[in-house]
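Student: After the structure tokens below, expect a handful of questions from me.
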Amino acid sequence: MIPRPKPERFRLRRTMIFMSAQKPGLIKDAYIYGVDSIMLDLEDAVAENQKDAARFSLYHALKTIDYGDTEVIVRINGLDTPHWQEDIRVCVAGGADGIRIAKCESAQDVKTVEAAVEAAEKEFGVEVGRTLLMAALESPKGILNAYEICAASDRMFGVAISGGDFRKCMQTKPTPDGIDMVVARGQMLIAARAAGVQCFDTVFTNLDDMAGYEAEVRQNKAMGFDGKSLINPKQIRLVHEIFAPTEKEILQAEKIVRAYREQSAAGVGVFTVDGKMIDIAFIPGAERTLKLARACGLWEGDLV
Amino acid sequence: MKNYVGRDIPDYLLINGKEVYQGKNYMDGKYIQKASPRTRRYEKPQESKIVETLADALRLCGAKSGMTFSFHHHLRDGDFVVNMVMKAAIEELGLDNLTIAATSLGAAHDPVAEYITEGKVVGIQTSGIRGKIGEVVSAGKLKTPAIVRSHGGRPRAIEGGEVHIDIAFVAAPTSDCVGNCRGIGGKSNCGSLGYAMTDAKYADHVVVVTDCLVDFPNMPASVEAIDVDAVVVVDSIGNPKKIASAAARISQNPRDLMMAENVAKVIAATPYFKEGFSFQTGVGGPSLAANLFLEKYMDERGIKMGWAIGGICGPMVEMLKKGKVGKVIDVQDFDLDAVNSINQTPNHFEMSASQYANPANKGAFVNKLDFVVLAALEIDTGFNVNVLTGSDGVLRGAPGGHPDTAAGSKCCIIVTPLIRGRMATVCEHVVTVTTPGDCVDVLVTDYGIAVNPLRPDLIECLDNAGIPHVSIESLKEKAYSLVGRPDDLQWEDKVVAILEARDGTILDVVRKIKPFTLE
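These protein sequence lines map, in sequence, to chains L and U. Plus 1454 on top of the position in the first sequence (first one is 1) and you've got the working numbering. Plus 1092 on top of the position in the second sequence (first one is 1) and you've got the working numbering.
As structure tokens, then:
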């Protein structure tokens, strides 16, 4: 049995890769690719008559494999299926870091899952509150209720949009510029930021279209996403590269944080760095840049 | 007597000057007395050397029981020639006590296993041993221990007279009526005939077997008529589908790609990665994919590869055509892209196995090699590699050019997944040492990179480039933690195969495996 440290609600989650829990060959060492989070799937990747087998392989994977620093999340079946309660018991008993609620449409959905998780934590002697939650928004209703979903529980660390189902509901197809989902992505991002949780974009399914994939990842970064869901290890590196702060951004952030500390110690609230006005509002952003730079292995300072 | 890599070599094998392995370059500077064949004079002008059947050719060459016949493996798993010749010799001429000296033997040669069991074939000397032949030899059915040599060790042994070839058989995709042979132009094209060249020069007799007779002179010839006694035309020398695949495809397996990318990273971190560098890689998933990532680093640095050697396949030919590599020189072609390119694409040349890898000549290509990327069945914590015996101790592999390129190159990188099924690839002791650890520099696995402590310079290169690496012991422990520690194999005393180091010393022996019984 591999004891996992208590999950951190807010951590680096640039990449989150889906792996069918039914495939031991995949899940036994999915961490070797350097992904931030692994999403072991009990839902769509598992055939209806194999749900139980997948739960067994998931449980044993969680109990025997050392995933190290890689976060292990499980996507459970929807609340409209007969599977989700048993899925939750397996996740909690196995010690998964978090659960992704599929097809989440309301705060009540989150609360329903939360109650089941808490019951399972008590059942299996797991610290109450240990198991984190995230929600997948897959329908227009989910997007409209994004804020209440994000704010529904202290266990919630983030939301993700699921493009396939959402586009089906909207009767759209993927477009090169992402116009088909720009409003939904935007609304979800605003809700997530308002509620103080993280926000993740959907998968890009055409593995051969690396140019289209890169364009989407760049747009994700520009829009303010924390990370992206992936379907293949070869998609990991590009996200990490694009989400990493540039050398210039790191230097700038370092200067701002340093200058702020000096100036505020001297009683100055607003000042300039390289001709730009800086006040306290710039500090969280600069500190986040430095933390991200360190996580990406690009910076080794001790300012944050 | 224990050798340099800790293997116990029975004293009775250490006769006639045979020594145990003493570390790399041990034979450097010593002299070798070259053997010379006894060949027949063909003074009177001949219209043609074509004889009706293989049996006729054997009679013409004075075939007798107790002789050594040599073969080359360019037709790979599609080869028909070994079986045809052995059948004619044993079933038509009634010969026995024969020795087969081949550059490699595989599943295509399963019928030979029967001749071994019957005691008609009493000796096997090869660079690769697979299929049923491997099984019967491992079961102790061969009268004398098989001798396994690297692709460079074999021409060394031939040139030095340790192997005397009575009749060499050349499987030729095309030949003219007097025996000028090429690897292209017929229906069983294989490209390079590099492994047959030394045999043709050092054998007493040479028989060409072809299924495509072309007009004289068949030029440029890989094996020349001046060395050939007889030409036999048969319906088919091999199955083209199994000779060369349509095109070696670069793996899409994410694990292979990740390892390949790390191989390229390691290469790019060393001082040898500069304009004009030289390179060899295999055709296994991650080895071949390394080409792809290497090209990216070459573009970034604005440098080109000077030359590449080896068995060659499409992706390297592609780089040659794009001008990313100056010259390609090969002993063997693995796919049709390479077959169709050799001697056709400017700067794509053929070479002999001796020129490729022989440690006893004065200028083998491997000695000028900067990088080689190789696979492994097993690698142990002493960086010793096994590419010959399976985890059950049975012969099922081929040292090929592995030990030669590893020893000759400045940076030898082994790339392999940490585990295969339930088998730990990185282990405590390999079953058989085929490439000694003092020739292996870096190990790239899907669970991490390890550098041989003998190469502190490379450790520094990786550190400077920020490439994480771990000890090979920790990789071994990781492997055992995943799949468990295997029990030791149980052997009998009988030696079934002798593994020569490329310099001719004894690197390891393979013993007869004890049948497994449940206690």
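Using N, Cα and C, we set each Cβ at its ideal position, and we do this for glycine too. Since the structure is predicted, the reported quantities are computational estimates derived from the model, not experimental observations.
Below 8 Å between beta carbons: does that hold for Met1731/L and Val1722/L?
Tutor: no
Student: Roughly how many whole angstroms lie between the Cα atoms of Val1613/L and Asp1728/L?
Tutor: 37 Å
Student: Can you have a look at Phe1464/L and say buried or exposed, based on whether 16 or more other CB atoms are within 10 angstroms of its CB?
Tutor: exposed
Student: Does the segment 1512–1527 of chain L come within contact of the segment 1484–1493 of chain L, defined as at least 3 CB pairs closer than 8 Å?
Tutor: yes
Student: Return helix, strand or coil for Thr1302/U, following the three-state DSSP convention.
Tutor: Looking at Thr1302/U - three-state DSSP - the assignment turns out to be strand.
Student: Are the C-beta of Ile1633/L and some C-beta of chain U separated by less than 8 Å?
Tutor: no
Student: To which residues of the same chain is Gly1376/U closer than 6 Å at the C-beta, ignoring the five residues directly before and after it?
Tutor: Ala1467
Student: Beta strand (DSSP E) containing Gly1215/U: first to last residue?
Tutor: Run containing Gly1215/U: 1213–1218, per the beta strand (DSSP E) assignment.
Student: Between Thr1626/L, Cys1623/L, Arg1742/L, Asp1662/L, which lies nearest to Asp1680/L when the distance is taken from Cα to Cα?
Tutor: Arg1742/L
Student: Tell whether a beta-carbon distance below 8 Å holds between Arg1458/L and Gly1549/L.
Tutor: yes
Student: Taking Cβ positions, are His1165/U and Ser1196/U nearer each other than 8 Å?
Tutor: The beta carbons of His1165/U and Ser1196/U sit closer together than 8 Å.
Student: From Leu1684/L, Lys1460/L, Lys1702/L, Glu1581/L, pick the residue whose C-alpha is nearest to that of Phe1472/L; which is it?
Tutor: Leu1684/L
Student: Helix, strand or coil, according to DSSP, for His1440/U in the structure here?
Tutor: Under the three-state reduction of DSSP, His1440/U is assigned to strand.
Student: Please confirm if Ile1486/L has its CB atom under 8 Å from at least one CB of chain U.
Tutor: By this cut-off, Ile1486/L is an interface position.
Student: Can you find a CB in chain U that lies within less than 8 Å of the CB of Pro1687/L?
Tutor: yes
Student: Taking its Cβ as the centre, do 16 or more other Cβ atoms sit within 10 Å of Leu1610/U, making it buried, or is it exposed?
Tutor: Within a 10 Å sphere around the beta-carbon of Leu1610/U sit fewer than 16 other beta-carbons, which makes this residue exposed.
Student: When the Cα of Ala1336/U is compared with those of Gly1406/U, Met1176/U, Arg1246/U, which residue comes out closest?
Tutor: Gly1406/U
Student: Under 9 Å between beta-carbons, which chain L residues line up against Leu1349/U? List them in chain order, please.
Tutor: Pro1687, Lys1688
Student: Within the continuous alpha helix (DSSP H) that includes Ser1162/U, where are the two ends?
Tutor: Taken as a continuous stretch (DSSP letters only), Ser1162/U belongs to no alpha helix (DSSP H), being part of the beta strand (DSSP E) at 1160–1163.
Student: In angstroms, rounded to a whole number, what distance separates the CA positions of Glu1183/U and Phe1161/U?
Tutor: 16 Å
Student: Could you check the C-alpha separation between Leu1567/U and Asp1600/U for me, to the nearest Å?
Tutor: 24 Å
Student: Quick one: Cα of Val1637/L to Cα of Ile1644/L, how far?
Tutor: Whole-angstrom Cα-Cα distance: 10 Å.
Student: Give me the subset of the segment 1099–1126 of chain U whose CB atoms are less than 7 Å from a CB atom of chain L, sorted by chain position.
Tutor: Residues passing the 7 Å Cβ filter: none.
Student: Determine the contact status of Ala1719/L and Leu1752/L, defining contact as a CB-CB distance below 8 Å.
Tutor: no
Student: Let me know if Val1174/U comes out buried or exposed under the rule of 16 or more other beta-carbons within 10 Å of its beta-carbon.
Tutor: buried
Student: To the nearest whole angstrom, what separates the beta carbons of Thr1526/U and Ile1471/U, a pair I think is in contact under 8 Å?
Tutor: Wrong, their Cβ atoms sit about 11 Å apart, outside the cutoff.
Student: Examine chain L for any beta-carbon lying closer than 8 Å to the beta-carbon of Asp1538/U, and answer yes or no.
Tutor: yes
Student: By a C-beta neighbour count over all protein chains shown, 10 Å radius and 16 as the cutoff for buried, is Ala1292/U buried or exposed?
Tutor: Flag for Ala1292/U reads buried.
Student: Is the beta carbon of Ile1456/L closer than 8 Å to that of Thr1518/L?
Tutor: Between Thr1518/L and Ile1456/L, the C-beta spacing is below 8 Å.
Student: Could you tell me the distance, in whole angstroms, from the CA atom of Lys1627/L to the CA atom of Pro1491/U?
Tutor: 54 Å
Student: Please confirm if Pro1265/U has its CB atom under 8 Å from at least one CB of chain L.
Tutor: no
Student: Do Ile1208/U and Ala1452/U have their C-beta atoms closer together than 8 Å?
Tutor: no
Student: Would you kindly work out how many angstroms separate the C-alpha atoms of Ala1149/U and Pro1363/U, rounded to a whole number?
Tutor: 54 Å
Student: Alpha carbon to alpha carbon, what distance is there between Ile1590/U and Tyr1104/U?
Tutor: Their backbone Cα atoms lie some 12 Å apart in a straight line.
Student: If you measure from the beta carbon of Pro1578/U to each beta carbon in chain L, is any gap under 8 Å?
Tutor: no
Student: Got a sec? Which residues, its chain only, sit under 7 Å from Ile1597/L by beta carbon, not counting five neighbours each side?
Tutor: Excluding sequence neighbours, Ile1597/L sits near Leu1591, Ala1638, Gln1641, Met1642.
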